[in-house]
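K.L.:
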Amino acid sequence: MEKRIVLDEQIGFNLYRLSLLFRRELLRCLGEYSLTPEQWQALVTLWGKDRLSQSEIAAVTLQDAPTVSRMLARMERDGWVHREVDAADQRISRVVLTEAGRNLADVLPGRVLSHFGALLSPFPQEKQAILLGMLRELRVIFEAIDEKGDHRRAEIG
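Here the sequence shown stands for residues 5 to 161, where the numbers follow this note's numbering.
(1) Beta-carbon within less than 8 Å of Q58's beta-carbon, same chain only, minus the 5 sequence neighbours each way: which residues are those?
(2) For M79, tell me which candidate among L47, L123, F127 has the shortest Cα-Cα distance.
(3) Nearest-angstrom Cα distance between E36 and R87?
(4) With a Cβ-Cβ cutoff of 8 Å, do S38 and D93 count as a contact?
(5) Taking the alpha helix (DSSP H) that V100 falls in, what are its first and last residues?
(6) Under 7 Å Cβ to Cβ from E42, same chain only, skipping five residues before and after it: list those, please.
(7) Distance check for L112 and E130, CA to CA, integer angstroms please.
(8) How many angstroms separate the CA atom of S125 from the CA atom of L101?
(9) Roughly how many angstroms separate the alpha carbons of L56 and Q45, rounded to a whole number?
(10) Near G105, which residues of its chain fall below 6 Å by C-beta distance, leaving aside the five closest residues on each side in sequence?
(11) To the nearest angstrom, how far is the alpha carbon of W51 from that of I9?
(12) Could you tell me the alpha carbon to alpha carbon distance between A91 and D54, rounded to whole angstroms?
(13) Which one or two residues does DSSP pair with I61 in a beta bridge?
(14) Taking Cβ to Cβ, would you say E29 is nearer than 8 Å to H119?
(15) Hey, would you say C33 sits closer than 8 Å to R156, going by beta carbons?
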């Protein structure tokens, strides 16, 4: 007899659904700035590193090169970033925050933390910490799968 699958009992279904719901809330939170969740990820990473290559941004956002290029073009158009030729390798351009992009660091993190803090307030801090740890472990496992689908042994802390 075949085992019947109940979607609500599947990790993948719940993670995917929650991801879509989180994305919707992040879009709502960032709507005033017309930023996408991927642009938010790029900005947060740039606030910590100052300048990144397009491939480094692609690694953070899990987007392909053409999609990242279009996203960065929109961010340039909106005045958040600009591109500079890498001094060490003229073939590489680096994405750099503009003053307006740096100034977003004074506003957006607090806004996002406040927005999600209110939404997550019914979920105790201890459970949030446990869930975050488990999600990080799952991410390590799935990031160890290469593009061909070959599994490497992931080391979990």
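Virtual Cβ for every residue (Gly too), placed ideally from N, Cα, C.
P.N.:
Quick answer:
(1) A69, V72, S73, L76, S97, V99
(2) L47
(3) 24 Å
(4) no
(5) Counting along the chain, V100 falls outside any alpha helix (DSSP H), though it belongs to the beta strand (DSSP E) covering 97-101.
(6) T65, Q67, M75
(7) 25 Å
(8) 33 Å
(9) 12 Å
(10) W84, V85
(11) 43 Å
(12) 15 Å
(13) Bridge partners of I61: none, in fact.
(14) yes
(15) no
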